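> The structure's right below; bear with me while I get my questions together.
Written out as structure tokens, the structure reads:
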């Protein structure tokens, strides 16, 4: 089961990807690419192992 932090990262990633889709649909490619990159980072973080360093 996903931890709360992982779910929060996944939700934030989905939000950034949704915003990226809106920016790309309105031809604002620079902001679209920025938000797509942020979304990808947050989604990737949501799939990380839940253990912190040193555990």
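Residue numbers (this note's numbering): 4 to 58. For every residue, glycine included, the Cβ atom is placed at its ideal position computed from N, Cα and C. Please read these numbers as outputs of a predicted model, since none were measured by experiment.
#1: Quick check on the DSSP output: what are the complete alpha helix (DSSP H) runs of length 4 or more inside the stretch 10 to 51, in order along the chain?
#2: Quick one: Cα of residue 39 to Cα of residue 19, how far?
#3: Distance, Cα to Cα, residue 22 vs residue 35?
On the basis of the supplied data:
#1: Runs of the alpha helix (DSSP H) inside the stretch 10 to 51: 32 to 49.
#2: Cα to Cα, residue 39 sits roughly 7 Å from residue 19.
#3: One C-alpha to the other measures close to 7 Å.
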